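Trainee: Heads up: the protein sequence lines correspond to chains A and B, in order.
Following my numbering, the numbering of the first sequence begins with 190 at its first residue and continues without gaps.
Following my numbering, the numbering of the second sequence begins with 10 at its first residue and continues without gaps.
If you scroll down you'll find the structure; I have some questions about it.
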Amino acid sequence: MSYVDFAALLPLLITSTAAVILMIAIAIRRNHKAAAAISLIGLAAALASLAAASSILPRQVTTLFILDSYSFLYMAILLFAAAFVFLFAYDYLKCRREQPEEFYLLVLLATTGAMVLAVSRNFASFFLGLELLSVALYALIAYVRSESISIEAGIKYLVLAASSSSVLLFGLALIYAESGSMELSQFTTAMSRTAGRADSLLLMMGLMLVLTGVGFKLAIVPFHLWTPDVYEGAPLPVTAFIATVSKGGMFALLLRWFHVNSGALAGAPALVLSVIAVASMLAGNLLALRQTNVKRILAYSSIAHMGYLLVALLAGGALGAPAATYYLTAYMVTILGAFGVMTVLSGPRWEAASIESYRSLFWQKPLLAAAFTTMLLSLAGIPLTAGFLGKFYVLTAGASESRWVLLFTLIASSTIGLFYYLRIVVVMYAQPADPDTMVDAHTLPLPLPAALALVALTGLVLLLGIYPASLWDTIVAVTRDLG
Amino acid sequence: MILPSLVLILIGGGIASGIAARRSVVVARWIAVASVLANLSMCFGIWMAHLDRSQSSTARWFVECDFAWIPQFGIRIHLAIDGLSLALLLLTYFLGVMAVLSSWTEIQERVGFFHFNLLWVLAGITGVFLAVDLFVFYLFWELMLVPMYFLIGIWGHERRIYAATKFFLFTQLSGLLMLVAIIALAVLHHQSTGVFTFDYEQLMQTALSPRTARLLMLGFLVAFLVKLPAFPLHTWLPDAHTEAPTAGSVVLAGLLLKTGAYGMIRFVLPFFPGPSHELAPIMMTIGVVGILYGAVLAVGQTDLKRLVAYTSVSHMGFVLLGVFAGNQIALEGAVVQMISHGISTGALFILAGLLQERMHTREISAMGGLWETMPALSGAGLVFAMASLGLPGLGDFVGEFLVLLGAYRANVPLTVLATLGLLAATLYGLRFAQNAFQGPNPHHWKLPDIRPREWAVLGLMMACLLWIGLYPQPVLKTVRSSLAAAQQRALPQEIVRR
Chain A
190 MSYVDFAALL PLLITSTAAV ILMIAIAIRR NHKAAAAISL IGLAAALASL
240 AAASSILPRQ VTTLFILDSY SFLYMAILLF AAAFVFLFAY DYLKCRREQP
290 EEFYLLVLLA TTGAMVLAVS RNFASFFLGL ELLSVALYAL IAYVRSESIS
340 IEAGIKYLVL AASSSSVLLF GLALIYAESG SMELSQFTTA MSRTAGRADS
390 LLLMMGLMLV LTGVGFKLAI VPFHLWTPDV YEGAPLPVTA FIATVSKGGM
440 FALLLRWFHV NSGALAGAPA LVLSVIAVAS MLAGNLLALR QTNVKRILAY
490 SSIAHMGYLL VALLAGGALG APAATYYLTA YMVTILGAFG VMTVLSGPRW
540 EAASIESYRS LFWQKPLLAA AFTTMLLSLA GIPLTAGFLG KFYVLTAGAS
590 ESRWVLLFTL IASSTIGLFY YLRIVVVMYA QPADPDTMVD AHTLPLPLPA
640 ALALVALTGL VLLLGIYPAS LWDTIVAVTR DLG
Chain B
10 MILPSLVLIL IGGGIASGIA ARRSVVVARW IAVASVLANL SMCFGIWMAH
60 LDRSQSSTAR WFVECDFAWI PQFGIRIHLA IDGLSLALLL LTYFLGVMAV
110 LSSWTEIQER VGFFHFNLLW VLAGITGVFL AVDLFVFYLF WELMLVPMYF
160 LIGIWGHERR IYAATKFFLF TQLSGLLMLV AIIALAVLHH QSTGVFTFDY
210 EQLMQTALSP RTARLLMLGF LVAFLVKLPA FPLHTWLPDA HTEAPTAGSV
260 VLAGLLLKTG AYGMIRFVLP FFPGPSHELA PIMMTIGVVG ILYGAVLAVG
310 QTDLKRLVAY TSVSHMGFVL LGVFAGNQIA LEGAVVQMIS HGISTGALFI
360 LAGLLQERMH TREISAMGGL WETMPALSGA GLVFAMASLG LPGLGDFVGE
410 FLVLLGAYRA NVPLTVLATL GLLAATLYGL RFAQNAFQGP NPHHWKLPDI
460 RPREWAVLGL MMACLLWIGL YPQPVLKTVR SSLAAAQQRA LPQEIVRR
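As structure tokens, this is what we get:
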């Protein structure tokens, strides 16, 4: 390895170094502010190194990592998402009597894992990244130990994630046995191979098992069963982290290695993915309809949104990968904002999870309610928000490749989805019946870091919804060489 | 620059009004009135400047503006105004002022947010009438939904949440189908020419196979038929109209329904001339079914606002009949019907609002003999009921007459059936007038009569109806050239025959 290789790996090195420094700092003296500062500085340094190292791209470092503009874009998105999680977590942890410092440590480790997923080009690095992410998440989900629901969610995730990892590992082994190669590019080859050939049976089986593992992390039907419970049980900042960084890193890998640029996906993998996409869109939106817990609603809605992403992935062509990336970015910004509002409204003893805790929020905190409304409308895909343009790009990508079944499912299911987003909006704008019954959460002071983060995220949702041109150009440029 | 400022004034006015309401409610109301009046006067200016030009001029648009927005997909903020959009914009701002004035005393809570939403709906409608880029059109089409949803959902009557959600879901689903059709059209244009664009005039030139054209047309048509609303897709309308506050009902009935008809004239006819000719008999049948169905149901309603809502279904059936009759007369009739229906139905909803404010009920059976206690208001009510049933001399008559005249040339049996709708209209109009205003006063109502502000609103609307009823020429002259352009592609043979 040369110096240049190290320079290219700097973002990963910096985040892991930040984790180590933080660990030492905690050992010396516990200080919440210092921990938050160290982690934020670490993330900022990693972002800066992304900018600095972008001149030496693309570069393959050993057989494990591929560093190109695609992975740099995804790493930047993941780092930003992690930073927002920190901003929201700071006051959330401060008002809880837990030791908050390790939270930052674990999030930094998990973020590193997600970044490794985005840059890996080999089975080994893929699995390492995945485990780094998962193991940190086990602890994070059960972080608030005083809540039994949180412990339950942690155990649930532990068991399921561990078994899905082993299934994934078996799939990787099968592919290795068939092809004798540990390259992730085996996926691309297998995806575009015509179905029905005898020699590809093992390969196909391996691919399906790998899809199981990937699908678990993305929480798509039928691997979604953990999602509502874990979303509900995990502390809000961790839920936001799962919804953004964990899924984002895995999707970066999926998009890079399963995307076929020229010619549509065909054969068994395409069929399986189409069924998964349709089932995710419908099941996610339908199951969300009768929920009364906002965290569960957003959990089911995330299943549907992953289905929309798969539509873009399946569409392929010149527009598929950029559309998926734009949609994912828009989704991450939006869902971070949504969980951010929920975090801000949570008190020291409880979380603002029940839909009733939003009753007549608009009349007491109009700006906060407006921000939440913006996020919900963006999730529903209403114009002038990021979610709408994301949906527009996905629809355009699908229409260019004539994926009509997927498109009509998308339309039908997002109309169903609108219903439950509107339910939350309705509650927020309902007239306050009686000043005495005012929800106490609405009287909490707004912490500064979270408020700044919310302003930034709302601004981003509107910016991505009104002026998408520059981000779209970047995304098109970085996804050009995929597949 | 004048066209974007039409939208921006309303958006800015909405924000200003929302902020001002924290200090003073009256200021917020005046800001709303002023911003709509500013737009009205600007449109009036454009109208005066272009009144003389009619057919002689070759340019398609009176005023136009064009900025790049999302260059990768050739999406441009392209706004343009012609006779049709001008006429509908004048209606929009006229009814906008009336809507603000009519909610002057009705809305007492969250006044700022109310006017914010009202002005933003108007901004969305303005955008719909101005956009000649299909992406921008869709954007405004969706944008007018959200504030309308809040108007119904916050200030509506008893079942407001149900009505608002139903309204939103119906229009959103149909709108998404239109979005797919728009995207598919743009993609087809891209595949045949290599240029990505959503521009109205360029997409019109896209070569389509008959089958594709039919499917795409259905995508557009669903959105417009739901908005219009046409017979089987109308079920959101009675709920939404009934539950909305007065201003919401006025905007819904007077303006939002017109966007559906506008979309058909602006997009469906010129984009898909072949399929619209093929489907014309079916569409005309749907229109006639709507006329009869709406009128018959209106006869049976006991809730005043619900009655007016069903008459809207009936009147919009005439518009559908006129649009697809395939000749210039019927099309002109449809536009006149759109405008006069906007005014007369808007006035009826304002009247219902005034009655509800005084009597706290919308049940017709609870009224009766109101002439005794409120002669002026009852007189006004009688005039608008007559307008709605199509009395000659008032606006609706001109529209319905022209539609029937044109439709007669296309399909005699359907026209005969449609005429029966006028009979039912007489029934519901007279029944309402009789039960509410005439006869004894069994409930011994003692109510304050019409106030000067209410006089101004209803009087202006009456004057407009009379004007359209007696001398519709200026309206016809304004819209004629753009209707001819819409039809030139649809039915060239018709132009030749005339």
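Built from N, CA and C at the ideal position, the CB exists for glycine as well.
Keep in mind the model is a prediction, meaning the values are calculated, not measured.
Can you tell which of B:G54, B:A334, B:W56 and B:G21 has its C-alpha closest to the C-alpha of B:S44?
Mentor: On the second sequence, position 35 is the one that residue 44 of chain B refers to. For B:S44, the nearest C-alpha among the options comes from B:G21.
Trainee: Kindly indicate which three-state DSSP category A:R248 falls into: helix, strand or coil?
Mentor: Against the first sequence, residue 248 of chain A aligns to sequence position 59. Of the three classes helix, strand and coil, the one that applies to A:R248 here is strand, per DSSP.
Trainee: Does the distance from the CB of B:A89 to the CB of B:T487 come in under 7 Å?
Mentor: Residue numbering aside, residue 89 of chain B sits at position 80 when the second sequence is read from its first letter. Residue numbering aside, residue 487 of chain B sits at position 478 when the second sequence is read from its first letter. The answer is no: Cβ separation not under 7 Å.
Trainee: Going by the beta-carbon positions, is the gap between A:F312 and A:M397 smaller than 7 Å?
Mentor: What you label residue 312 of chain A is simply residue 123 of the first sequence in a count that begins at 1. What you label residue 397 of chain A is simply residue 208 of the first sequence in a count that begins at 1. Their beta carbons are not under 7 Å apart, which means A:F312 does not touch A:M397 by this criterion.
Trainee: Give every residue of the same chain whose Cβ lies closer than 7 Å to the Cβ of B:G362, excluding the five residues on either side of it in the sequence, and list them in chain order.
Mentor: For the purposes of this step, residue 362 of chain B is taken as the residue at position 353 of the second sequence. The answer, listed in chain order, is S111, E115 and T255.
Trainee: Who does A:N311 pair with in a DSSP beta bridge?
Mentor: Here residue 311 of chain A is taken as the residue at index 122 of the first sequence, counted from 1. According to DSSP, A:N311 bridges with A:E372.
Trainee: So with Cβ pairs under 7 Å, would you call A:V615 a contact of chain B?
Mentor: Stepping through the first sequence from its first residue, residue 615 of chain A is reached at position 426. True, the Cβ-Cβ gap to chain B drops below 7 Å.
Trainee: Under 8 Å by Cβ, that's how I've got A:T481 and A:I524 pegged, so tell me the actual separation to the nearest angstrom.
Mentor: Within the first sequence, numbered from 1, the residue matching residue 481 of chain A stands at position 292. Within the first sequence, numbered from 1, the residue matching residue 524 of chain A stands at position 335. The Cβ separation is near 19 Å, so there is no contact.
Trainee: Taking the C-alpha atoms as reference points, what is the distance between B:I28 and B:R38?
Mentor: By one-based count along the second sequence, residue 28 of chain B stands at place 19. By one-based count along the second sequence, residue 38 of chain B stands at place 29. Near 11 Å, if we compare the C-alpha coordinates of B:R38 and B:I28.
Trainee: Can you pull out the residues from the region 345–370 of chain B whose beta carbon lies closer than 7 Å to at least one beta carbon of chain A?
Mentor: Answer set for the region 345–370 of chain B: empty.
Trainee: Between B:L227 and chain A, is there a C-beta pair that is closer than 7 Å?
Mentor: In the second sequence, residue 227 of chain B corresponds to position 218, counting from 1. Chain A contact via Cβ: absent.
Trainee: Can you tell me where the alpha helix (DSSP H) holding B:H59 begins and where it ends?
Mentor: Locating residue 59 of chain B in the second sequence gives position 50, counting from the first residue. B:H59 -> alpha helix (DSSP H) spans V34 to H59.
Trainee: Tell me which same chain residues have a C-beta within less than 7 Å of the C-beta of B:L230, skipping the five on either side of it?
Mentor: As a first step, residue 230 of chain B must be located in the second sequence, where it is residue number 221. Hits under 7 Å: V277.
Trainee: Using a Cβ cut-off of 7 Å (strictly closer), state whether A:Y618 contacts chain B.
Mentor: Taking the first sequence and counting its residues from 1, the one referred to as residue 618 of chain A is at position 429. By this cut-off, A:Y618 is an interface position.
Trainee: Cβ of A:I344 less than 7 Å from any chain B Cβ?
Mentor: Mapped onto the first sequence, residue 344 of chain A falls at position 155. So no, A:I344 is outside the interface.
Trainee: Less than 7 Å between the C-beta atoms of B:H87 and B:D75, yes or no?
Mentor: The sequence position of residue 87 of chain B within the second sequence is 78, counting from 1. The sequence position of residue 75 of chain B within the second sequence is 66, counting from 1. The answer is yes: Cβ separation under 7 Å.
Trainee: Could you name the residues of chain A that B:E115 contacts, counting a contact when the two beta carbons are closer than 7 Å?
Mentor: The residue you call residue 115 of chain B lines up with position 106 of the second sequence. The premise fails here: B:E115 is roughly 16 Å from chain A at the closest Cβ pair, so nothing lies under 7 Å.
Trainee: Name the chain A residues whose beta carbon is nearer than 7 Å to that of B:G516?
Mentor: Residue 516 of chain B lies beyond the range of chain B shown here (10 to 507); nothing can be said about it.
Trainee: On the three-state DSSP scale, how would you describe B:E73?
Mentor: For the purposes of this step, residue 73 of chain B is taken as residue 64 along the second sequence, with counting starting at 1. Correct three-state label for B:E73: strand.
Trainee: Comparing the C-beta of A:T514 with each C-beta of chain B, is any distance below 7 Å?
Mentor: As a first step, residue 514 of chain A must be located in the first sequence, where it is residue number 325. For A:T514, the answer is no, since every Cβ of chain B falls outside 7 Å of its Cβ.
Trainee: Count the other C-beta atoms from every protein chain shown that fall within 10 angstroms of the C-beta of B:H250, then say buried if there are 16 or more, exposed otherwise.
Mentor: Taking the first residue of the second sequence as position 1, residue 250 of chain B is located at position 241. Buried, since its Cβ has 16 or more Cβ neighbours within 10 Å.
Trainee: Residues of chain B with a CB under 9 Å from the CB of A:I600: which are they?
Mentor: Start at 1 with the first residue of the first sequence, and residue 600 of chain A comes out as number 411. The answer, in chain order, is L182, L185, L186, L188 and V189.
Trainee: Name the two residues that bound the continuous alpha helix (DSSP H) containing B:H250.
Mentor: Here the question's residue 250 of chain B lines up with position 241 in the second sequence. W245 to E252 is the span of the alpha helix (DSSP H), which, as asked, contains B:H250.
Trainee: On the DSSP bridge list, what partners appear for A:F254?
Mentor: Taking the first sequence and counting its residues from 1, one reaches residue 254 of chain A at position 65. According to DSSP, which records beta bridges pairwise, A:F254 is partnered with A:V250 and A:S309.
Trainee: Just to confirm my understanding: we take B:G408, look at its own chain, exclude 5 residues before and 5 after, and list those with CB closer than 6 Å. What are they?
Mentor: For the purposes of this step, residue 408 of chain B is taken as the residue at position 399 of the second sequence. So the list reads G342, V345, Q346 and S349, once near-sequence residues are dropped.
Trainee: Find out if the Cβ-Cβ distance for the pair A:A224, A:E290 is shorter than 7 Å.
Mentor: Here residue 224 of chain A corresponds to residue number 35 of the first sequence, with the count starting at 1. Here residue 290 of chain A corresponds to residue number 101 of the first sequence, with the count starting at 1. Cβ atoms of A:A224 and A:E290: closer than 7 Å.
Trainee: Mind the definition here: the region 324–338 of chain A touches the region 417–431 of chain A only if three or more C-beta pairs lie below 8 Å; say whether that holds.
Mentor: With a cut-off of 8 Å, the region 417–431 of chain A and the region 324–338 of chain A count as touching, because enough Cβ pairs lie within range.
Trainee: Closer than 9 Å, Cβ to any Cβ of chain B: which residues of the region 227–251 of chain A, in chain order?
Mentor: Listed by position, the residues of the region 227–251 of chain A near chain B (Cβ gap below 9 Å) amount to none.
Trainee: Give me, in chain order, the residues of the same chain whose beta-carbon lies closer than 6 Å to that of A:R248; leave out the 5 immediate sequence neighbours on both sides.
Mentor: Locating residue 248 of chain A in the first sequence gives position 59, where the first residue counts as 1. Around A:R248: A197 and L256.
Trainee: Considering B:I352, what are the terminal residues of the alpha helix (DSSP H) in which it resides?
Mentor: In the second sequence, the residue the question calls residue 352 of chain B occupies position 343. Q337 to M368 is the extent of the alpha helix (DSSP H) around B:I352.
Trainee: Since I believe B:A434 is in contact with B:S323 (beta carbons under 8 Å), could you give me their beta-carbon distance rounded to a whole number of angstroms?
Mentor: Counting from 1 along the second sequence, the entry for residue 323 of chain B is found at position 314. Counting from 1 along the second sequence, the entry for residue 434 of chain B is found at position 425. Rounded, the Cβ-Cβ distance is 7 Å, consistent with contact.
Trainee: Return the residues of the region 509–535 of chain A that lie within a Cβ-Cβ distance of less than 7 Å from chain B, sorted by chain order.
Mentor: Residues: none.
Trainee: According to DSSP, simplified to helix, strand and coil, what is B:N450?
Mentor: As a working note, residue 450 of chain B is residue 441 in the second sequence. Three-state result, B:N450: coil.
Trainee: Are the region 141–160 of chain B and the region 649–666 of chain A touching, with three or more C-beta to C-beta distances below 8 Å?
Mentor: Result no; under three Cβ-Cβ pairs closer than 8 Å.
Trainee: I need the straight-line Cα distance from B:A193 to B:L467, nearest angstrom please.
Mentor: Numbered from 1 along the second sequence, position 184 holds the residue referred to as residue 193 of chain B. Numbered from 1 along the second sequence, position 458 holds the residue referred to as residue 467 of chain B. Spanning the two alpha carbons is a distance of roughly 46 Å.
Trainee: I want to verify the contact list: residues of chain A whose CB lies under 8 Å from the CB of B:Q81, in sequence order.
Mentor: Taking the first residue of the second sequence as 1, we reach residue 81 of chain B at position 72. What B:Q81 touches in chain A: A658, W661, D662 and V665.
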